[in-house]
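Student: Structure provided below as structure tokens; questions to follow.
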Amino acid sequence: MKLKLKPALTRRPREMVNKMASAVRRKVRRHPRSLKLKRKGPPEALLGLGRFVANPRRFGGFVSGPALATAITAAIDPAAGPVLELGPGTGVFTRALLARGVAETDLVLVELDPMLAGRLRSAFPQALVLCCKAGSITPDLLEGRRPAAVVSGLPLLNFPADEVERILAAAFAVSTPDAEFYQFTYGPRCPVRDHLKARLGLIARRTARVWRNVPPASVYCITRR
Ligand SMILES: C[S@@+](CC[C@H](N)C(=O)[O-])C[C@H]1O[C@@H](n2cnc3c(N)ncnc32)[C@H](O)[C@@H]1O
């Protein structure tokens with residue numbers, strides 16, 4: 004799905020973000036102790052909205068809720084080895100991975116937006132944060148880490164087919180042979196088309212339907228055949 008926002012349509016959300024940011028700043032000035040936002044920056048939803056306005060196609064849409072973060076990380080075995088996260092954005096899934104017991108040193112976070120990548124480096128100093136396209140990762144960039152699982156917050160439905168192919172090929176090339184790739188979607192079926200899965204020798208199964216997310220989402224586990 005291609006999302007083309009005309010200038011007139013993008014102006015409104017930008018104004019909304021500016022208004023909300025001013026309100027937060029006013030509140031912080033009045034209650035600097037109770038709201039520690041001055042030091043930590045804007046809350047996730049506001050930050051996500053700002054990044055969405057800046058680049059709607061790349062950010063995709065909504066910051067995922069805790070139920071989706073739990074569902075997409077539910078089968079990750081913290082003892083299995085490094086975990087590769089694609090498009091971590093504001094770090095919602097990253098925090099769920101840590102809550103599952105994955106060591107911060109075992110996290111490889113690939114985020115294209117330099118501003119978000121910088122925030123991830125500060126929030127998770129022991130993780131390896133790569134600021135590049137997910138489709139361009141190589142074993143060298145991962146500095147010897149071989150992920151046993153991949154968690155993706157990428158809005159794959161917004162991407163052209165050749166980019167989706169590069170992302171999957173690169174993720175499976177740097178991972179262990181039996182690595183599982185977890186992807187969520189708001190769509191009615193797996194966001195990786197059948198012909199592409201066939202070409203790359205992959206299969207997919209739905210592992211969760213998350214109604215308590217805005218909007219409701221599904222999680223797919225993609226593996227080599
Ligand atoms: C919808 S956000 C997901 C954030 C978070 N995981 C969540 O679900 O709330 C998608 C993120 O993917 C990043 N992104 C988009 N295209 C990318 C690419 N090709 N490689 C790496 N990151 C990308 C965006 O900058 C954005 O932060």
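Residue numbers (the working numbering): 4 to 228. C-beta atoms are modelled at their ideal positions from N, C-alpha and C, and glycine is treated no differently. Since the structure is predicted, the reported quantities are computational estimates derived from the model, not experimental observations.
#1: Please indicate yes or no: does the CB of Thr93 lie closer than 7 angstroms to some heavy atom of ligand 1?
#2: Going by beta-carbon coordinates alone, are Val132 and Arg124 separated by less than 8 angstroms?
#3: Mind checking Cys270: buried by the 16 CB within 10 Å criterion, or exposed?
#4: For the alpha helix (DSSP H) containing Thr76, list its first residue and its last residue.
#5: Please name the residue or residues paired with Thr188 in a DSSP beta bridge.
#6: Grab the span of the alpha helix (DSSP H) containing Val236 for me, first residue to last.
#7: Determine the direct distance from the alpha carbon of Ala82 to that of Phe65, and round the result to whole angstroms.
#8: Of the choices Leu171, Trp214, Tyr189 and Arg202, whose alpha-carbon is the least far from that of Ile225?
#9: Go to Leu52, then tell me how far its alpha helix (DSSP H) extends in each direction, as first and last residue.
#10: Measure the C-alpha to C-alpha separation of Leu12 and Arg149 and round it to an integer number of angstroms.
#11: Please report the straight-line C-alpha distance between Val95 and His198, rounded to a whole angstrom.
#12: Let me check one thing: in DSSP terms, what residues is Ser155 bridge-paired to?
#13: From the DSSP secondary-structure annotation, give me the bridge partner or partners of Leu112.
#14: Pull the bridge partners of Ile206 from the DSSP assignment, please.
#15: Per DSSP, Ala211 forms a beta bridge with which residues?
Tutor: Straight from the coordinates:
#1: yes
#2: yes
#3: Residue 270 falls outside the range modelled here, since the chain spans only 4 to 228, and no answer is possible.
#4: Pro69 to Thr76
#5: Ser221
#6: Examination of residue 236 is not possible in this model, given that the chain is present from 4 through 228 alone.
#7: 30 angstroms
#8: Leu171
#9: Glu47 to Ala57
#10: With a pLDDT of only 42 at Leu12, under the threshold of 50, the placement of this residue in the model should not be trusted, and no figure is reported.
#11: 31 angstroms
#12: Leu89 and Gln186
#13: Glu88 and Val132
#14: Thr226
#15: Val222
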